[in-house]
Amino acid sequence: MTRKVLQKLAAHGLNAMNIDMKGEDEAVKRYCTADINVVWRNAACAKAYGVWIELTTLVIPGVNDTEGELSRIARRINSDLGDNTPWHLTRYCPAYKFRGESYVPPTPLSTLEKARSIGIVEGLKFVYLG
13 MTRKVLQKLA AHGLNAMNID MKGEDEAVKR YCTADINVVW RNAACAKAYG VWIELTTLVI
73 PGVNDTEGEL SRIARRINSD LGDNTPWHLT RYCPAYKFRG ESYVPPTPLS TLEKARSIGI
133 VEGLKFVYLG
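In terms of my numbering, the sequence shown opens at residue 13 and continues consecutively.
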């Protein structure tokens with residue numbers, strides 16, 4: 013989405029967005045063939061236009077579940093969007109269309125709990141598990 017389109021949507025009543033923040037650049041390019049920097053840019057632009065922003069990360073074992081990656085996502089949410097931005101961490105459940113090389117198990121609850129702790133440590137006030 014371009015900034016111009018986003019601005020027009022906001023001007024015509026768009027007041028909230030829940031944006032999927034899949035992970036860091038390499039994983040997003042590999043599994044989604046997308047540019048995560050465009051997603052971050054759109055989130056920041058939407059916030060600047062007065063749109064309420066919430067982010068969701070589907071935590072997938074072996075793809076985006078390391079403490080380092082989750083910490084970097086949380087830090088960027090805080091720096092780019094603010095500590096009041098809600099971050100929803102959702103559990104991956106196996107799906108037959110996932111592009112992984114082999115079976116990926118469901119996300120352990122302990123991983124989601126650790127991710128929530130990371131978000132809180134990085135200064136986010138609203139981190140939810142789902």
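Built from N, CA and C at the ideal position, the CB exists for glycine as well. All figures in this text were calculated on a predicted structure; none of them were measured in a lab.
Practice prompt. Can you give me the Cβ contacts of Gln19 inside the same chain, cut-off strictly under 7 Å, excluding the 5 residues immediately before and after it?
Written response: Answer for Gln19: Tyr61, listed in chain order.
Worksheet item: By Cβ distance below 8 Å, which residues in the same chain neighbour Lys137 in space, the five residues on each side in sequence not counted?
Response: Hits under 8 Å: Asp95, Asn96.
Worksheet item: What is the residue span of the alpha helix (DSSP H) that Ala22 lies within?
Response: Per DSSP, Ala22 belongs to the alpha helix (DSSP H) from 15 to 23.
Worksheet item: CB Arg128 to CB Leu101, shorter than 8 Å?
Response: Yes; because the gap between Cβ atoms is below 8 Å, this pair is in contact.
Worksheet item: Could you give the residue range of the beta strand (DSSP E) that holds Val139?
Response: Unbroken beta strand (DSSP E) run through Val139: 139 to 141.
Practice prompt. Helix, strand or coil for Ile72, going by three-state DSSP, please let me know.
Written response: DSSP, read as helix, strand or coil, puts Ile72 in coil.
Worksheet item: Do Pro98 and Pro106 have their CB atoms nearer than 8 Å?
Response: Going by C-beta atoms, Pro98 is not nearer than 8 Å to Pro106.
Worksheet item: Thinking just about the alpha-carbon of each residue, which of Asn54, Ala46, Leu21 is nearest to the one in Lys93?
Response: In the sequence as presented, Lys is not what sits at residue 93; that position holds Leu. For Leu93, the nearest C-alpha among the options comes from Asn54.
Worksheet entry | Residue span of the alpha helix (DSSP H) that contains Ala55, given as start and end | Unbroken alpha helix (DSSP H) run through Ala55: 48 to 60.
Worksheet item: How would you write the range of the alpha helix (DSSP H) that Ile132 sits in, first residue to last?
Response: Counted as a single uninterrupted DSSP element, the alpha helix (DSSP H) harbouring Ile132 occupies residues 121 to 133.
Discussion item. What does the Cβ neighbour count give for Tyr115, buried or exposed, with the cut at 16 atoms within 10 Å?
Written reply: Looking at its Cβ environment, which holds fewer than 16 other Cβ atoms inside 10 Å, Tyr115 is exposed.
Worksheet item: What did DSSP end up calling Glu36 once you bin it into helix, strand or coil?
Response: Residue state, collapsed to three classes: coil.
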